[in-house]
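Student: Residue numbers (the working numbering), protein chains in the order written: chain P, 1 to 85; chain W, 1001 to 1085; chain E, 2001 to 2147; chain B, 3001 to 3147.
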Amino acid sequence: MAVQLLYFAWVREAVGRDGESVDLPETIATVADLVGWLAARGDGYAQAFADPARLRAAVDQSFVQLDASVTGAREIALFPPVTGG
Amino acid sequence: MAVQLLYFAWVREAVGRDGESVDLPETIATVADLVGWLAARGDGYAQAFADPARLRAAVDQSFVQLDASVTGAREIALFPPVTGG
Amino acid sequence: MRRIIVGAADFDSAALLADLEALGGGAVASFTGLVRGEGGLSSMRLDHYPAMTEHALADIAARAEARWSLLGLVIIHRVGELRPGDRIVFVGTASAHRAAALEACHFLIDWLKTEAPFWKKEAYCDGQSRWVEARADDDRAKARWDA
Amino acid sequence: MRRIIVGAADFDSAALLADLEALGGGAVASFTGLVRGEGGLSSMRLDHYPAMTEHALADIAARAEARWSLLGLVIIHRVGELRPGDRIVFVGTASAHRAAALEACHFLIDWLKTEAPFWKKEAYCDGQSRWVEARADDDRAKARWDA
């Protein structure tokens, strides 16, 4: 399934792009699975996604836990904890 | 001893003046004693000072309880609970 | 910076806020109280105890400054005749921390309600008038800060 | 009245406050967050998640409106390059009751800190830069409202 990925803050900087469209393998059921899959790409991806504890996510523009399902998702964003306000 | 009395809000309106200088009898030790003594004057005073529970006081411009001493006081103000802000 | 003003004149909330924002603290909180026009209120008169008011407010300000780390504190309280929509009171605080600014602001207005010598008399369109009664809620709000 | 704005432009705290004061509620509270210049900070960049930001803020606003009786609510959050002293965020509330206005204001800024998709990167005079780390204090401040 084709999903739009978005990266923000140092995740974006480490990956070197602000997003990409990917076809997710069927083995990826949760956001955590996706993070592990991205980390395995090496280089900037390994750096950005090596430590899931430092990451937060939104699926279709709603914040979710990393154990959330990605089934049917159109847009998945990965980023550090927010620091606005 | 001569003391300046000040009245505010409906106490002032009931008494019909905003203050007066009085010589307190030596039997008056506390603000509550003073309130009772003023109530005994009758008319507007009786109306203003009949119910000590409705009154608050300041001695020399500091809020006090009605059982506070009036010994050495130069200025005693009597008024309802405050309603500013 | 501490500014305390008691008077009949209206005040400029905007300029007060701008002065607090200019202190470099990063966090500015404010509260403005205004005359509500509900129930046919036509005007309100605020009396006070002139010789006592400013130092009562200074005492309240000092308590806030002792409790929170503040870069700036403003208290403006009007007296005299006011109409619906008129500002009555402004409290503003500046701090390096948002919780300090917000809590101090809340503390100041709760204390002003119960510990400053002001009295409100309301006049209504039907010609009636009455002194505002103190509210037990206000005492409880103030007592919350005693803990 | 609910107003939510996310953008690069500075805003006029004064005009926002005046609009809230004009709603007739009698109680207006505000919080302004600004860039502090401490530690040699030269500038700050605020990134956000454009497609999500406005509805994340609308969700936070709706929670405040459900919890307190508000006549007006304003959230302004800037993005892009900011310098020391620049305003970052403004939260304002109007209510008939001071506790509602003040608590809702505090709630809104605590939730904005932890539940809205913004990220700050600080640049220093020595050429260094770093992404601001989320603070456990902010999570605790937000959790206080869960009770």
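Beta carbons are placed, not taken as given, at the ideal position from N, Cα and C, and that holds for glycine. This one's a predicted model, so the numbers in the text were calculated from it and none came from an experiment.
1) Just to confirm the assignment, what range does the beta strand (DSSP E) spanning Trp3119/B have?
2) Contact check, Phe2090/E vs Leu2016/E under 8 Å by CB: the rounded distance?
3) Between which two residues does the alpha helix (DSSP H) carrying Ser1069/W extend?
4) Taking Val1059/W as the reference, give the member of Ala1053/W, Phe1049/W, Pro1052/W and Ile1076/W with the closest Cα.
5) In chain B, what lies closer than 7 Å to Ser2095/E by C-beta?
6) Under three-state DSSP, which class holds Tyr2049/E?
7) Along chain B, which residues have their Cβ under 9 Å away from the Cβ of Ala40/P?
8) Only counting runs of 3 or more residues, tell me where the beta strand (DSSP E) segments fall wholly within the stretch 2006-2066 of chain E, in order along the chain.
9) Applying the criterion that 16 or more other CB atoms from any shown protein chain within 10 Å of the CB defines a buried residue, is Met2001/E buried or exposed?
10) Which whole-angstrom value is the C-beta distance of Leu3046/B and Ile3088/B, which I expect to be below 8 Å?
11) Among the candidates Val2035/E, Gly2039/E and Ala2101/E, whose CA atom is the shortest distance from the CA of Arg2067/E?
12) Could you tell me which residues DSSP puts in a beta bridge with Gly3072/B?
13) First and last residue of the alpha helix (DSSP H) that includes Asp3139/B?
14) Could you tell me which of Gly85/P, Phe79/P and Gly84/P sits nearest to Val31/P, measuring between CA atoms?
15) Just to make sure I have the definition right: I need the residues of chain B whose C-beta is within less than 9 Å of the C-beta of Phe8/P. Which are they?
16) Give the single residue among Val3074/B, Gly3025/B, Ala3009/B and Ala3136/B whose Cα lies nearest to the Cα of Ser3095/B.
17) Between the stretch 2124-2140 of chain E and the stretch 3069-3087 of chain B, are three or more C-beta pairs nearer than 8 Å?
18) Helix, strand or coil, according to DSSP, for Leu1024/W in the structure here?
19) Output needed in chain order: residues of the stretch 1019-1044 of chain W with a Cβ under 9 Å from some Cβ in chain E.
20) Is Ser1950/E close to chain B, meaning its C-beta is less than 8 Å from at least one C-beta of that chain?
21) Listing by chain order, which chain W residues have their CB less than 7 Å from the CB of Val2132/E?
22) Can you check whether the C-beta of Gly3085/B is within less than 8 Å of a C-beta belonging to chain P?
23) Can you grab the Cα-Cα spacing for the pair Ala2147/E / Leu2057/E, in whole Å?
24) Name the residues in the stretch 47-60 of chain P whose C-beta lies less than 7 Å from a C-beta of chain A; which are they?
25) If the cut is a Cβ gap below 7 Å, which residues of chain W does Gly2033/E touch?
26) Between Ala1068/W and chain E, is the shortest Cβ-Cβ distance under 8 Å, so that the two count as touching?
27) In its own chain, which residues sit with a C-beta less than 6 Å from the C-beta of Gly44/P, not counting the 5 before and 5 after it?
28) Based on DSSP bridge pairs, tell me the residues matched to Ile3004/B.
29) Can you find a CB in chain P that lies within less than 8 Å of the CB of Leu3082/B?
30) For Glu1020/W, which residues of its own chain have a beta-carbon under 7 Å away from its beta-carbon, when the five flanking residues on both sides are left out?
31) Which of helix, strand or coil does DSSP assign to Leu1078/W?
32) Glu13/P lies in the alpha helix (DSSP H); which residues open and close that run?
33) Determine, for His2055/E, whether the minimum Cβ-Cβ distance to residues of chain B falls below 8 Å.
34) In terms of residues, what are the limits of the beta strand (DSSP E) holding Ala1058/W?
35) Does the beta-carbon of Glu2021/E have 16 or more other beta-carbons within 10 angstroms, so that it is buried, or is it exposed?
Tutor: Let me spell this out:
1) Annotation for Trp3119/B: the continuous beta strand (DSSP E) segment containing it runs Phe3118 to Tyr3124.
2) With a Cβ gap of about 6 Å, Phe2090/E and Leu2016/E count as contacting.
3) Boundaries cannot be given for Ser1069/W, as no alpha helix (DSSP H) includes it and DSSP labels it neither H nor E.
4) Checked all of Ala1053/W, Phe1049/W, Pro1052/W and Ile1076/W; the closest Cα to Val1059/W is Ile1076/W.
5) Chain B residues near Ser2095/E: none, gap ~11 Å exceeds 7 Å.
6) Coil at Tyr2049/E, not helix or strand.
7) Contact of Ala40/P with chain B by beta-carbon distance below 9 Å is absent, the smallest such distance being about 24 Å.
8) Those beta strand (DSSP E) runs which fall completely within the stretch 2006-2066 of chain E and span 3+ residues are 2027-2034 and 2041-2048.
9) Exposed, since its Cβ has fewer than 16 Cβ neighbours within 10 Å.
10) For Leu3046/B against Ile3088/B, the beta-carbon gap comes to about 7 Å, under 8 Å, which counts as contact.
11) The shortest Cα separation from Arg2067/E among Val2035/E, Gly2039/E and Ala2101/E belongs to Ala2101/E.
12) Beta-bridge pairing links Gly3072/B to Ala3094/B.
13) Where Asp3139/B is concerned, the enclosing alpha helix (DSSP H) stretches over Ala3136 to Ala3143.
14) Distances from the CA of Val31/P to each of Gly85/P, Phe79/P and Gly84/P were compared; the closest alpha carbon is that of Phe79/P.
15) What Phe8/P touches in chain B: Asp3047, His3048, Tyr3049, Pro3117 and Trp3119.
16) Check the Cα spacing between Ser3095/B and each of Val3074/B, Gly3025/B, Ala3009/B and Ala3136/B: the tightest is with Gly3025/B.
17) Segments in contact, no.
18) Note: Leu1024/W maps to coil in three-state DSSP.
19) Going along the stretch 1019-1044 of chain W in chain order, one finds no residue with a Cβ nearer than 9 Å to chain E.
20) Residue 1950/E is absent from the structure shown; chain E starts at 2001 and stops at 2147.
21) Chain W residues near Val2132/E: Thr1083.
22) No, Gly3085/B does not count as interfacial toward chain P.
23) Roughly 21 Å between the two C-alpha positions.
24) Considering every chain present, this structure includes no chain A. Its protein chains are P, W, E and B.
25) Within 7 Å of the CB of Gly2033/E, the CB atoms of chain W belong to Gly1085, in sequence order along the chain.
26) Not an interface residue.
27) Within the same chain, and ignoring the five residues on either side of Gly44/P in sequence, the residues whose Cβ sits closer than 6 Å to its Cβ are Ala14, Val15 and Gly16.
28) Within the DSSP bridge table, the entry for Ile3004/B names Ile3075/B as partners.
29) Against chain P, the CB of Leu3082/B has no partner CB under 8 Å away; the residue lies outside that interface.
30) Taken in chain order, the residues that qualify are Leu1005.
31) When secondary structure is reduced to three states using DSSP, Leu1078/W falls in the strand class.
32) Taken as a continuous stretch (DSSP letters only), the alpha helix (DSSP H) holding Glu13/P covers Ala9 to Val15.
33) Not closer than 8 Å to any Cβ of chain B, the Cβ of His2055/E fails to qualify, so no.
34) In this chain, the beta strand (DSSP E) harbouring Ala1058/W covers Arg1056 to Val1059.
35) Buried.
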